[in-house]
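Undergrad: Counting in the working numbering, the sequence shown runs from 54 upward without gaps.
Don't be surprised by glycine CBs; every beta carbon is placed ideally from N, CA and C.
Have a look at this one.
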Amino acid sequence: MILVTGGAGFIGANFILDWIGTNGEPVVNLDKLTYAGNLGNLASIDGDARHVFVRGDIGDRAQVGALLARHRPRAVLNFAAETHVDRSILGPAAFVETNVVATFALLDTVRGWWAELPASEKAQFRFIHVSTDEVYGSLGTADPAFSETTPYAPNSPYAASKAASDHLVRAYCHTYGLPTLTTNCSNNYGPRQFPEKLVPLMIVNALAGKPLPVYGDGANVRDWLYVGDHCAALRAVLAHGRAGETYNVGGGAEVANIEVVRMVCRMLAEARPGPDYMAQIAFVKDRPGHDRRYAIDAAKIRRELGWSPAESFESGMRRTLQWYLDNPGWLAGVTSGEYKKWISLNYAASAA
Ligand SMILES: NC(=O)c1ccc[n+]([C@@H]2O[C@H](COP(=O)([O-])OP(=O)(O)OC[C@H]3O[C@@H](n4cnc5c(N)ncnc54)[C@H](O)[C@@H]3O)[C@@H](O)[C@H]2O)c1
């Protein structure tokens, strides 16, 4: 079996659903259930014996140690993290606590357990650390895309905390021989993403007749990847990736934020005609230190592991929008209470 951390969040939950659907190997899912964790993401495998959910913190050495001893996973996939750049600006401490200190505790606990395994199990074990392209900093318009050898230059507290964890993961392979692999992926979008991130925030606000807040001039470029393609990349890295390596994962779909928002508006106008969604677009004061452009050179994972994205940005966005339209209950569940408080706090801070 495999141990997934953060499997009640956006990418982790999509990964577990894909994994159970395509592979069937049992999964233990350790998640703290922060605001971003939602067991409703896994409702379709409720009661499935192949999914064992455990509420807990990756920083809790006793709990993680007990899970490892009990389940003897052949791999750990670490998705657990604080992930929202805006939150890292307003409250960076939680990012250091989870992404650096707790991730270190996880890594160190896994190393201690792994060191005692029989030689054959030791050699086959994998620790996959799911990271981000934000560790590389910001690109100018004409710069080449980020490759695995691009120097780290994180600009937000979120990116810095993920960079720190990437360095620890690398060091644990180099120093102790723990078979680690790190993936640095571009912006994901798809079903079950918490609506503080761009794509679901725009869908939720557009449907509610609220303003669609776009930072600065909207020209910040991200390399968008459909979450199902990220899950396929992680399966390929687990199956065939070389221990000690890092793999950049990206969709080759560079799109400016404002174009993403316009696409949501155009697609919604077809699916739910009536309102003038474009008229809801509202430019707001830019996020401090907002990186201008990210682009991923995914040549290594394409060449070495034969992975490539199945969805174009257009097809992935259609699937995404349809999922949100088909799942109003999920949306209602995550957009109550705390969520409303956060949105008003963040966008009050960034109101022009
Ligand atoms: N979303 C993206 O576009 C993107 C892109 C590249 C990489 N990543 C990385 O992928 C991973 C998953 O991202 P996501 O978008 O699914 O995040 P998310 O915020 O949706 O989910 C994070 C999950 O981790 C859990 N968690 C947080 N702290 C924990 C702790 N201390 N112990 C156990 N569980 C904890 C939360 O409850 C939540 O379920 C992160 O490591 C992130 O850095 C995300």
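Going by CA-CA distance only, name the one from Ile111, Ala96 and Val313 that's closest to Leu83.
TA: Within the sequence shown, the letter at position 30 stands for residue 83. Per the Cα distances, Ile111.
Undergrad: Tell me Leu234's beta-bridge partners as DSSP assigns them.
TA: The residue given as residue 234 occupies position 181 in the sequence shown. Paired residues: Ile181.
Undergrad: Nearer than 7 Å: is that true of the beta carbon of Cys318 relative to any heavy atom of ligand 1?
TA: Taking the first residue of the sequence shown as position 1, residue 318 is located at position 265. Because no heavy atom of ligand 1 lies under 7 Å away, the Cβ of Cys318 does not count as near it: no.
Undergrad: Where do the N-terminal and C-terminal ends of the alpha helix (DSSP H) with Val188 fall, by residue?
TA: Position 135 of the sequence shown, counted from the first residue, corresponds to residue 188. Premise fails: Val188 is in no alpha helix (DSSP H) and is neither H nor E.
Undergrad: Sorted by chain position, which residues of the same chain lie with C-beta nearer than 6 Å to Asp139's C-beta, five sequence neighbours on each side aside?
TA: Here the question's residue 139 lines up with position 86 in the sequence shown. Taken in chain order, the residues that qualify are Asn399.
Undergrad: Following a CB-centred definition, is Ile111 positioned closer than 7 Å to any heavy atom of ligand 1?
TA: Against the sequence shown, residue 111 aligns to sequence position 58. Flag set: Cβ of Ile111 near ligand 1.
Undergrad: Could you check if Asp344 is buried or exposed, using at least 16 other CB atoms within 10 Å of its CB as the buried criterion?
TA: By 1-based counting over the sequence shown, the position of residue 344 is 291. So Asp344 counts as buried.
Undergrad: Report the CB separation of Trp166 from Leu121 in whole angstroms; it is logged as a contact under 8 Å.
TA: Residue mapping note: residue 166 aligns to position 113 of the sequence shown, counting from 1. Residue mapping note: residue 121 aligns to position 68 of the sequence shown, counting from 1. With 8 Å as the limit, Trp166 and Leu121 qualify as a contact, their Cβ atoms being about 4 Å apart.
Undergrad: Would you mind sorting Ser239 into buried or exposed? The rule is 16 or more other CB atoms within 10 Å of its CB.
TA: One-based indexing of the sequence shown puts residue 239 at position 186. Buried is the call here.
Undergrad: Does DSSP put Asn241 in a helix, in a strand, or in coil?
TA: Within the sequence shown, numbered from 1, the residue matching residue 241 stands at position 188. Three-state DSSP puts Asn241 in a strand.
Undergrad: Could you tell me if the beta carbon of Lys85 falls within a distance shorter than 7 Å of some heavy atom in ligand 1?
TA: For the purposes of this step, residue 85 is taken as the residue at position 32 of the sequence shown. For ligand 1, at least one heavy atom lies less than 7 Å from the Cβ of Lys85.
Undergrad: Indicate, with yes or no, if ligand 1 has a heavy atom lying under 7 Å from the CB of Glu135.
TA: Position 82 of the sequence shown, counted from the first residue, corresponds to residue 135. At least one heavy atom of ligand 1 is nearer than 7 Å to the Cβ of Glu135, so yes.
Undergrad: Assuming Val337 is part of the beta strand (DSSP E), what are its boundary residues?
TA: For this step, residue 337 is matched to residue 284 along the sequence shown. Start and end: Ile334 to Val337.
Undergrad: Would you mind reading off the limits of the beta strand (DSSP E) that contains Pro266?
TA: To locate residue 266, count along the sequence shown from 1; it is residue 213. Run containing Pro266: Leu265 to Tyr268, per the beta strand (DSSP E) assignment.
Undergrad: Please name the residue, chosen from Pro210, Leu321 and Tyr392, that lies closest to Pro420 on a Cα-to-Cα basis.
TA: Residue 420 lies beyond the residue range present for the chain, which begins at 54 and ends at 405; the question has no answer from this structure.
Undergrad: Given a threshold of 16 other Cβ atoms within 10 Å of its Cβ, counted over all protein chains shown, does Gly303 qualify as buried or as exposed?
TA: What you label residue 303 is simply residue 250 of the sequence shown in a count that begins at 1. By the neighbour-count rule (16 or more Cβ atoms within 10 Å), Gly303 is buried.
Undergrad: Which of helix, strand or coil does DSSP assign to Arg371?
TA: Residue 371 sits at position 318 when you count from the first residue of the sequence shown. Reduced to three states, the DSSP call for Arg371 is helix.
Undergrad: What are the start and end residues of the beta strand (DSSP E) that includes Val107?
TA: Your numbering for residue 107 matches position 54 in the sequence shown. From DSSP, the beta strand (DSSP E) with Val107 extends over His104 to Arg108.
Undergrad: According to DSSP, is Phe415 part of a helix, a strand, or is it coil?
TA: Only positions 54 to 405 of the chain appear in the structure, and residue 415 is not among them; the question remains open.
Undergrad: Taking DSSP's pairing of strands, which residues face Tyr279 in a bridge?
TA: Within the sequence shown, the letter at position 226 stands for residue 279. In the DSSP output, where bridge partners are listed per residue, Tyr279 has Tyr242.
Undergrad: Please give the ranges of any beta strand (DSSP E) in the region 62-144, keeping only runs that are unbroken, at least 3 residues long and fully inside the region.
TA: Taking only runs of at least 3 residues, the beta strand (DSSP E) segments lying wholly in the region 62-144 are 80-84, 104-108 and 128-131.
Undergrad: Can you grab the Cα-Cα spacing for the pair Ala405 / Arg275, in whole Å?
TA: Here the question's residue 405 lines up with position 352 in the sequence shown. Here the question's residue 275 lines up with position 222 in the sequence shown. Unreliable positioning characterises Ala405 in this predicted model, as indicated by a pLDDT of 45, which lies under 50. The coordinate reading is nonetheless provided below. Cα to Cα, Ala405 sits roughly 23 Å from Arg275.
Undergrad: Whole angstroms is fine: what's the gap from Glu174's alpha carbon to Arg127's?
TA: For the purposes of this step, residue 174 is taken as residue 121 along the sequence shown, with counting starting at 1. For the purposes of this step, residue 127 is taken as residue 74 along the sequence shown, with counting starting at 1. The straight-line gap from Cα to Cα measures roughly 8 Å.
Undergrad: Helix, strand or coil for Leu56? Go by DSSP, reduced to three states.
TA: Looking up residue 56 in the sequence shown gives position 3. The answer is strand: DSSP assigns Leu56 an E or B state.
Undergrad: Let me know if Glu219 comes out buried or exposed under the rule of 16 or more other beta-carbons within 10 Å of its beta-carbon.
TA: By 1-based counting over the sequence shown, the position of residue 219 is 166. Residue identity differs from the one stated: residue 219 is Asp in this sequence, not Glu. Buried, since its Cβ has 16 or more Cβ neighbours within 10 Å.
Undergrad: Report yes if the C-beta of Asn157 is less than 7 Å from at least one heavy atom of ligand 1; otherwise report no.
TA: Indexing the sequence shown from 1 puts residue 157 at position 104. Residue identity check: residue 157 is Phe in the sequence provided, not Asn. No, since every heavy atom of ligand 1 falls outside the 7 Å radius drawn around the Cβ of Phe157.
Undergrad: For Lys215, count neighbouring Cβ atoms within 10 angstroms of its own Cβ and tell me buried if that reaches 16, exposed if not.
TA: On the sequence shown, position 162 is the one that residue 215 refers to. Classification for Lys215: buried.
Undergrad: Taking 7 Å as the line, does the beta carbon of Thr151 fall inside it for any heavy atom of ligand 1?
TA: What you label residue 151 is simply residue 98 of the sequence shown in a count that begins at 1. Yes, Cβ of Thr151 sits closer than 7 Å to a heavy atom of ligand 1.
Undergrad: According to DSSP, is Ala198 helix, strand or coil?
TA: As a working note, residue 198 is residue 145 in the sequence shown. Reduced to three states, the DSSP call for Ala198 is coil.
Undergrad: Can you tell me whether Ala406 is helix, strand or coil according to DSSP?
TA: Since the first residue shown for the chain is 54 and the last is 405, residue 406 is missing from the structure and cannot be characterised.
Undergrad: When burial is assigned at 16 or more other CB atoms within 10 Å of the CB, is Glu78 buried or exposed?
TA: Taking the sequence shown and counting its residues from 1, the one referred to as residue 78 is at position 25. Label assigned to Glu78: exposed.
Undergrad: If we count the other Cβ atoms within 10 Å of its Cβ and call it buried at 16 or more, is Arg390 buried or exposed?
TA: Working through the sequence shown from its first residue, we reach residue 390 at position 337. A small fix is needed here, since residue 390 is Gly in this sequence, not Arg. Result: exposed.
Undergrad: Between the beta-carbon of Pro266 and the beta-carbon of Ala335, is there less than 8 Å?
TA: The residue given as residue 266 occupies position 213 in the sequence shown. The residue given as residue 335 occupies position 282 in the sequence shown. Against a cut-off of 8 Å, the Cβ pair of Ala335 and Pro266 comes out as a contact.
Undergrad: If we count Cβ pairs, one from each stretch, closer than 8 Å, do we get three or more for the region 293-312 versus the region 345-354?
TA: Contact holds: three or more Cβ-Cβ distances are below 8 Å.
Undergrad: When you measure from the CB of Ile64 to every non-hydrogen atom of ligand 2, does any distance come out below 7 Å?
TA: What this structure holds is ligand 1, not ligand 2.
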